[in-house]
Amino acid sequence: MPATDPARLVRRELHAGWTARAVAGPVPAHVAGVEVPATVPGSAHTDLLAAGLIPDPYLDDHENLVAWVGRCDWEYRTTFAWSASDAPGLDRHDLAFDGLDTVATVSLNGTRVLSARNQFRTFRVAVADLLREGENELVVRFASPVRYADRESLALGYRPQVNKHPYNAIRKSACSFGWDWGIDAPSVGLWKPVRLESWSTARVASVRPLVSVDLPDDASSRAGHLATAPGRVAVHVDVERAPLDPDAPGPGSDGPLAVRVALRGPSGRHDAEVALPAGATTAVVPVDVPDAALWWPRGYGEQPLYDVEVTLAAGDGALDGWAGRTGFRDARLDLTPDAHGTSFTVVVNGRAVWVKGANWIPDDVFVHRVTRERYAARLDQAELANMNLLRVWGGGIYEADDFYDLCDERGILTWQDFAFACAAYSEDEPLRSEVEAEARDNVTRLAPHPSLVVWNGSNENIWGFGAWGWELRLEDKSWGLGYYTELLPGVLDELDGTRPYTPSSPWSGSLEVHPNDPDHGSMHSWELWNRQDWPRYRDDVPRFMAEFGWQGPPTWSTLTRAISDDPLTPESPGMLVHQKAAQGNDKLTDGLVRHVPLPDDMEDWHWAMSWNQAVAVQVAVEHLRSWAPRTMGSVLWQLNDCWPVTSWAAVDGDGRAKPLLHALAHAHADRLLTVQPRSADGGVPAGDETDRLVVVVANDTDETWSGDVVVRRLSFDGTERRVTSVPARVDARGTTSIEVPRDVATPDDAAAELLVATLGGARALWWFAEPRDASLTPPRLVTEVHREPAGWAVRVTAENLVRDVALLADKLHPGLRADDMLVTLLPGESVTFHVTGPDAALAGVEPGALVAPRVLRSTNQLVTGRGRR
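The sequence shown lines up with residues 6 to 874 when you count with the numbering used here.
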């Protein structure tokens with residue numbers, strides 16, 4: 006806001022001229038006493054990296070080489086010039102910190118003005134009496150997060166958690182201390198903007214535009230989306246008044262004020278104003294919109310957004326303002342008891358949404374490095390995978406505004422955990438007050454976003470108390486239940502109230518029912534991967550699957566950039582550093598060898614584990630979708646990674662899509678055919694028995710899907726053994742099952758036959774034998790490569806049956822990517838892959854390299870051991 010307008014609040018960023026230095030702890034000799042230029046927003050790790058004083062923590066075993074950073078205290082320092090003439094007529098001056106990471110003491114001109122100990126809070130302090138004409142010195146001293154957490158763990162009393170650091174004793178991103186996919190690199194720094202704000206009389210402290218929609222009675226039964234409905238925005242405005250000073254010039258700070266709201270959007274402009282009486286500090290400005298354009302999740306309708314502008318005025322003069330966006334939609338969670346248990350259904354604008362989602366973790370350990378462009382790239386990948394929801398996991402952070410803004414624009418629903426994960430937490434002071442303050446800050450900040458449809462109290466903590474041996478170890482100490490059942494829902498009732506809340510994930514709907522009961526509410530499935538093989542995903546029919554997943558390595562170019570082992574093997578030193586899961590490599594092997602032989606070549610091992618991850622998750626998602634509407638959601642663990650690592654992610658730490666992302670795109674298709682086993686009574690087959698096979702037709706669109714479902718049993722050479730055709734009609738957002746006749750479903754030679762079901766352009770396959778037991782032969786592929794405006798077109802035609810063809814273009818250049826993967830070709834069938842990337846990368850590709858056996862991969866290669874190179 007311009008300093009030439011004496012009535013308006015003036016904001017000045019204080020991001021320039023910072024330095025950082027280590028001031029206590031195990032500081033290496035080459036760093037001791039060294040001041041480095043500091044970036045704000047930023048962190049000590051990235052400042053040291055920029056100065057050339059530490060190696061990149063993401064490479065090889067450098068994580069261990071930089072462990073000292075989190076064990077040291079750090080001092081950040083800057084100076085800034087100030088003059089009263091910078092803010093004429095304004096007598097209040099505040100330092101505002103949007104984020105301090107984490108245990109910080111702030112001093113201005115030698116006087117301590119603030120102590121902080123919570124990464125997730127904002128802080129503001131009045132400093133008018135300390136500012137001086139000319140140079141001013143601002144110093145922020147950060148205590149070691151590792152040593153602080155250790156001390157607080159003793160002070161608060163031991164409580165169970167799943168890490169080598171007591172992250173539950175400090176209000177800081179849990180996964181910054183490491184996780185079973187994350188690097189142990191707890192940093193410090195000014196991770197969000199810092200400002201000097203000058204104002205007088207009063208300022209806008211917070212704004213919460215809370216939306217309600219008057220839906221018609223038939224909203225839940227409509228086949229298509231409702232475009233408009235009567236809506237209202239209740240704009241809640243909190244005002245801070247300057248302390249009353251009878252000698253101060255200008256309007257009295259205790260006098261009457263006005264709060265004006267302008268709402269602009271598809272249905273025009275709507276204005277409203279409320280008078281704020283003398284002394285009052287809160288106002289609610291209602292804005293009615295008779296024909297509000299409704300916001301819908303992607304795939305269900307459009308995402309119209311409304312600009313909200315708030316002006317705080319005294320008389321005719323504007324004092325301060327706020328601007329944001331919101332959308333009109335109704336969100337609730339259906340947890341209704343029924344014949345199967347307790348449902349768990351996300352309902353938007355009266356319509357049940359089948360959730361196709363993934364869990365979201367911080368996209369970088371050093372979270373300040375995640376730009377709007379990087380968020381957009383991850384959301385592009387979520388859309389490629391046909392996702393409609395991301396769950397912001399409680400062991401990370403409350404994400405940046407850019408993340409939620411982009412989700413609003415794209416119709417990607419968000420589920421927001423509060424920052425509690427896999428641990429017991431003290432409910433005593435000083436932690437309790439910190440938890441309440443961070444909840445108030447973040448509920449207020451995120452309330453405007455229509456994409457946010459679920460608040461969740463914690464990740465696995467209620468389950469952990471009952472199932473992980475916590476109760477005995479806690480010895481009657483508090484463990485967080487009061488946060489999840491009282492404090493957090495209380496804050497939400499006061500500040501939001503427009504979206505549902507669950508105390509934890511998984512959640513059965515009641516403390517009286519086991520929190521991870523598949524028949525009740527949400528479920529996490531980790532017996533699969535940890536102890537059971539992936540075909541066993543079909544054993545459970547949960548009401549909503551909120552976590553499940555299978556590990557796989559990063560893409561080849563990411564792996565070889567991050568690890569310089571020579572030779573590079575699955576168990577070479579750098580590979581083990583970048584595998585954080587307990588017995589992770591053993592679980593990878595155990596989950597592979599029932600399906601394909603364990604390769605003895607590193608590139609084959611990489612492809613095999615990538616393939617296995619993708620197939621495992623696709624089996625799980627198709628199974629879950631086949632049980633709609635009993636099952637109403639699938640939220641994969643996880644979409645993204647925070648560094649280069651073997652993990653459950655579909656997108657690796659360098660932002661490259663693994664084969665898994667393309668498997669998700671297939672499994673999340675709006676119109677899906679899938680072949681599934683069923684018992685004689687229509688339920689889940691017991692053990693490995695398959696009483697019958699059904700073709701499930703899932704129609705996640707607003708149009709009826711009809712036609713003939715054709716099911717053929719084929720030999721691998723393409724010979725038709727049996728065929729049946731059944732007419733099908735599936736209503737909008739509906740699912741139906743068609744039994745496969747026994748003569749079609751029963752192979753003459755299980756090793757050399759498959760089922761192929763088709764409906765229009767959709768296709769489903771069923772294999773009677775695992776690849777290693779099947780009569781697959783070396784791939785015989787005829788290829789054609791030609792240049793096109795956006796890249797290369799690679800046409801692949803199969804002369805024999807070739808399973809799961811994938812083009813791993815990044816092996817030729819890190820910037821190259823193919824538009825699809827995991828396409829099975831019957832004899833005579835073709836597919837065209839489109840390879841895109843930067844011009845320099847495209848120009849440097851030899852056409853023949855795109856179809857070389859190490860790049861053009863298939864399952865056949867893993868079974869036959871031929872065609873690799």
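The C-beta atom is built at its ideal place from N, Cα and C for all residues, glycine as well.
Remember, predicted model here, so these are calculated numbers, not experimental data.
- request: Report the partner residues of Gly-236 according to the DSSP bridge assignment.
  value: In the DSSP output, where bridge partners are listed per residue, Gly-236 has Val-218, Val-294.
- request: Look at Arg-683 and Arg-747 and say whether their C-beta atoms are less than 9 Å apart.
  value: no
query: How many angstroms separate the CA atom of Ile-59 from the CA atom of Val-71?
result: 7 Å
- request: Please state if the CB of Ala-267 and the CB of Val-313 are separated by a distance shorter than 9 Å.
  value: yes
- request: Apply the 10 Å Cβ neighbour rule to Gly-557 and answer buried if 16 or more other Cβ atoms are within range, or exposed otherwise.
  value: Burial call: buried.
message: I'd like the list of long-range same chain contacts for Trp-301, defined as Cβ closer than 8 Å, with 5 residues on each side in sequence excluded.
response: His-230, Glu-307, Gln-308, Arg-334, Val-353, Asn-354, Gly-416
task: Note down the Cα distance separating Arg-122 from Ser-438, rounded to an integer number of angstroms.
output: 11 Å
message: So, does the segment 366-374 touch the segment 554-573, judging by three or more C-beta pairs under 8 Å?
response: no
query: CA-CA distance, Ala-670 and Asp-824?
result: 11 Å
- prompt: For Ala-429 versus Asn-466, is the C-beta distance shorter than 9 Å?
  reply: The Cβ-Cβ distance between Ala-429 and Asn-466 falls below 9 Å.
message: Less than 9 Å between the C-beta atoms of Arg-548 and Pro-520, yes or no?
response: no
task: Enumerate in chain order the residues of its own chain whose CB-to-CB distance from Val-144 is below 6 Å, with the five nearest sequence positions on each side excluded.
output: Arg-82, Ser-112
task: Could you tell me how far apart the beta carbons of Asp-259 and Ala-283 are, in whole angstroms, since I believe they sit closer than 8 Å?
output: Taking the Cβ atoms as the reference, Asp-259 lies roughly 6 Å from Ala-283, within the contact range of under 8 Å.
- request: Identify the continuous beta strand (DSSP E) that holds Glu-744 and give its terminal residues.
  value: 739-744
query: Any idea which residues DSSP pairs Gly-362 with across the strands?
result: Paired residue(s): Leu-394, Val-640.
- prompt: Is the distance from the Cβ of Leu-201 to the Cβ of Arg-383 below 9 Å?
  reply: no
field: Rounded separation between Val-761 and Pro-776 - CA only
entry: Note on geometry: alpha-carbon atoms of Val-761 and Pro-776 lie some 16 Å from one another.
task: Say whether the segment 657-677 touches the segment 275-289, bearing in mind that this needs 3 or more beta-carbon pairs closer than 8 Å, one atom from each stretch.
output: no
message: Only counting the same chain, and skipping five residues up and downstream in sequence, which positions put a Cβ closer than 6 Å to that of Cys-77?
response: Ala-27, Gly-30, Val-32, Ser-149
task: Return the residue from the list Trp-398, Glu-404, Ala-390 that minimises the CA-CA distance to Arg-377.
output: Glu-404
query: Between Ala-224 and Arg-356, which are expected to be in contact by the criterion C-beta below 8 Å, what is the C-beta distance as a whole number of angstroms?
result: 7 Å
- prompt: According to the neighbour-count rule (16 or more other Cβ atoms, all chains shown, within 10 Å of its Cβ), is Val-546 buried or exposed?
  reply: buried
- prompt: Any idea if His-791 is buried or exposed, counting beta-carbon neighbours within 10 angstroms, 16 or more meaning buried?
  reply: exposed
- prompt: Looking at C-beta atoms only, is the number of pairs between the segment 826-838 and the segment 791-811 that lie closer than 8 Å three or more?
  reply: yes
message: So, at 8 Å on beta carbons, what are the nonlocal neighbours of Gly-183 in its own chain, with the 5 sequence-adjacent residues on each side left out?
response: Asn-168, Lys-169, His-170, Asp-189, Ala-190, Lys-585
- prompt: With burial defined as no fewer than 16 other Cβ atoms inside 10 Å of the residue's Cβ, what is the status of Arg-13: buried or exposed?
  reply: buried
Residue from Asp-65, Val-74, Phe-102 whose Cα sits closest to the Cα of Pro-46: Ranking the options by Cα distance to Pro-46, first place goes to Phe-102.
- request: At 3 residues or longer, and completely inside the segment 772-831: list those beta strand (DSSP E) runs for me, N to C.
  value: Counting whole runs of 3 or more residues, the segment 772-831 contains the beta strand (DSSP E) stretches 786-793, 796-803, 807-812, 826-830.
message: Would Val-440 and Leu-395 be called neighbours here (beta carbons separated by less than 9 Å)?
response: no
query: Are the segment 612-625 and the segment 662-669 in contact at 8 Å, needing three or more beta carbon pairs?
result: yes
query: Would you call Thr-341 buried or exposed, if buried means 16 or more other Cβ atoms sit within 10 Å of its Cβ?
result: exposed
query: Fully enclosed by the segment 510-561, which alpha helix (DSSP H) runs are 4 residues long or longer?
result: 532-535
query: In terms of alpha-carbon separation, which member of Phe-838, Val-238, Trp-610 lies closest to Arg-822?
result: Phe-838
message: Helix, strand or coil, according to DSSP, for Gly-401 in the structure here?
response: coil
message: Considering Cα atoms alone, identify which of Arg-156, Asp-106, Ala-92, Leu-161 is closest to Glu-138.
response: Closest option to Glu-138, judged by alpha-carbon separation, among Arg-156, Asp-106, Ala-92, Leu-161: Ala-92.
query: How far does the alpha helix (DSSP H) with Leu-867 in it reach, from first residue to last?
result: Leu-867: member of the alpha helix (DSSP H) spanning 864-869, first to last residue.
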